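Visitor: Take this structure first; my questions come after.
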Amino acid sequence: MKSQRTEDKIPRLSAKEALVLALLLKTPAAGKFGLQMVSESDGQLSRGTIYVTLSRMEAKGYVESRPEERDRVASGIPRRLYRVTGYGQKVFHLWEMAKELAQLHAAGVVEVAP
Amino acid sequence: VTGDDARRRDNLLKKVRTIRNQAVHLHNETNPQLKVVEIDYRQNAPDRRPVWQRVGKLVRSSQRTTTLQILSLLELLARSNKRGRIRRAPGSLLGTISEFLFSKKTLEEIVNPTIADLQMEYCEALAARRPYKAAWVRVRGYWSFAKAIGLYGIVKAAYELWRKVST
Chain A
-5 MKSQRTEDKI
5 PRLSAKEALV
15 LALLLKTPAA
25 GKFGLQMVSE
35 SDGQLSRGTI
45 YVTLSRMEAK
55 GYVESRPEER
65 DRVASGIPRR
75 LYRVTGYGQK
85 VFHLWEMAKE
95 LAQLHAAGVV
105 EVAP
Chain B
90 VTGDDARRRD
100 NLLKKVRTIR
110 NQAVHLHNET
120 NPQLKVVEID
130 YRQNAPDRRP
140 VWQRVGKLVR
150 SSQRTTTLQI
160 LSLLELLARS
170 NKRGRIRRAP
180 GSLLGTISEF
190 LFSKKTLEEI
200 VNPTIADLQM
210 EYCEALAARR
220 PYKAAWVRVR
230 GYWSFAKAIG
240 LYGIVKAAYE
250 LWRKVST
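So the protein lines, in turn, are chains A and B. Using the numbering used here, the first residue of the first sequence is number -5, and each one after it goes up by one. Using the numbering used here, the first residue of the second sequence is number 90, and each one after it goes up by one.
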């Protein structure tokens, strides 16, 4: 329902959200932990903001999460594993196309009608 | 503590001090037996009674208590107090406080993953025998937590406002 409502509007994607989606799309089936994404982002994502970003993206329907599967004997708080949704993939591809178009427009290769 | 107890404790502490001095003297002479006794005592489970009670019982109960055993016991207790102490994992107090302050959703999506990362990195650093890195991870983890919570509040307020305006 949440994603349906979001689909009715124009999807918005910040640079940080696009980076998260790009990292998640490297292993779409397996998913990634928050800390994994931070270490793979080369300092573009920080530990303090990653879960806020992921929470917002989950609310928008771009990603889904679940607690990691662990042994019964394992102690401590379980981490959350994040995966990109089908809607998230579509939005990311559209965002890439829009970005490419904007670059071509800036270079004067194409003209965009107002 | 009654007067008799206090006197008994003073006597005992005096005895322990004397024995300790003798033991230190022996230790200085590098007595090879010292290490053997130490190893035997290390294998025993640590006793959590106060030092004076434990040593007192040992002195009272056994005529054969040796200087070296007392020294080993004192060392073992000192070591167990300093290094073998059971501590709570870093962030567990933050988690307990957060349970009162935040909603279930915030706990699941923001607080718990941040604390889980802190605990995992902390344990990894300790397992690699890098206590200074572990201390740094702890500080950084607390900072991340503060950042995440502060930021989350602002972002949530902004998101709610945007939703209200757009509908």
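The beta carbon of each residue, even a glycine, is placed where N, CA and C say it ideally should be. None of the values given here were measured: they were computed from a predicted structure.
By the 10 Å Cβ neighbour count, where 16 or more other Cβ atoms means buried, how is residue 121 (chain B) classified, buried or exposed?
Guide: The residue labelled residue 121 (chain B) in the question sits at position 32 within the second sequence. Because residue 121 (chain B) carries a pLDDT of 43, less than 50, the predicted location of this residue cannot be relied on, and no value is offered for it.
Visitor: If we call anything under 8 Å between Cβ atoms a contact, is residue 81 (chain A) one with residue 202 (chain B)?
Guide: Translated into the one-based positions of the first sequence, residue 81 (chain A) becomes position 87. Translated into the one-based positions of the second sequence, residue 202 (chain B) becomes position 113. No, Cβ-Cβ distance for residue 81 (chain A) and residue 202 (chain B) is not below 8 Å.
Visitor: May I have a chain-ordered list of the alpha helix (DSSP H) segments no shorter than 4 residues that lie completely inside the segment 13 to 78 of chain A?
Guide: Those alpha helix (DSSP H) runs which fall completely within the segment 13 to 78 of chain A and span 4+ residues are 28 to 34, 41 to 54.
Visitor: How should residue 200 (chain B) be labelled, buried or exposed, when 16 other C-beta atoms within 10 angstroms of its C-beta is the threshold for buried?
Guide: Translated into positions along the second sequence, residue 200 (chain B) becomes position 111. Buried, since its Cβ has 16 or more Cβ neighbours within 10 Å.
Visitor: Which residues, in chain order, does the segment 189 to 223 of chain B contribute to contact with chain A at a C-beta distance below 9 Å?
Guide: Within the segment 189 to 223 of chain B, the residues whose Cβ lies closer than 9 Å to some Cβ of chain A are 194, 195, 197, 198, 199, 200, 201, 202, 203, 204, 205, 206, 207, 208, 209, 210, 212, listed in chain order.
Visitor: What separation, rounded to the nearest whole angstrom, lies between the Cα atoms of residue 36 (chain A) and residue 103 (chain A)?
Guide: Counted from its first residue, the first sequence places residue 36 (chain A) at position 42. Counted from its first residue, the first sequence places residue 103 (chain A) at position 109. Cα to Cα, residue 36 (chain A) sits roughly 32 Å from residue 103 (chain A).
Visitor: Under 9 Å Cβ-Cβ, which residues of chain A neighbour residue 237 (chain B)?
Guide: As a position in the second sequence, residue 237 (chain B) is number 148, starting the count at 1. Per Cβ cutoff of 9 Å: 41, 42, 43, 44, 45, 46.
Visitor: Grab me the residues of residue 28 (chain A)'s own chain with a C-beta within less than 6 Å of its C-beta, minus the 5 sequence neighbours each way, in chain order.
Guide: Taking the first residue of the first sequence as position 1, residue 28 (chain A) is located at position 34. Cβ neighbours of residue 28 (chain A) beyond the five flanking positions: 44, 45.
Visitor: Tell me the DSSP secondary structure of residue 256 (chain B) in three-state form.
Guide: Indexing the second sequence from 1 puts residue 256 (chain B) at position 167. Coil at residue 256 (chain B), not helix or strand.
Visitor: Among A:64, A:87, A:60, whose alpha-carbon lies nearest the alpha-carbon of residue 76 (chain A)?
Guide: To locate residue 76 (chain A), count along the first sequence from 1; it is residue 82. Closest by alpha carbon: A:60.
Visitor: For residue 5 (chain A), name the three-state secondary structure that DSSP assigns.
Guide: Stepping through the first sequence from its first residue, residue 5 (chain A) is reached at position 11. Residue 5 (chain A): coil per DSSP, three-state reduction.
Visitor: Can you list the residues of chain A that residue 244 (chain B) reaches, using a CB-CB cut of under 7 Å?
Guide: For the purposes of this step, residue 244 (chain B) is identified with residue 155 of the second sequence, where counting begins at 1. Within chain A, the residues near residue 244 (chain B) are 46, 50.
Visitor: Step through the CB atoms of chain A and report whether any lies within less than 8 Å of the CB of residue 231 (chain B).
Guide: Stepping through the second sequence from its first residue, residue 231 (chain B) is reached at position 142. Not closer than 8 Å to any Cβ of chain A, the Cβ of residue 231 (chain B) fails to qualify, so no.
Visitor: I'd like the span of the alpha helix (DSSP H) that includes residue 183 (chain B), first residue to last.
Guide: Within the second sequence, the letter at position 94 stands for residue 183 (chain B). Unbroken alpha helix (DSSP H) run through residue 183 (chain B): 181 to 190.
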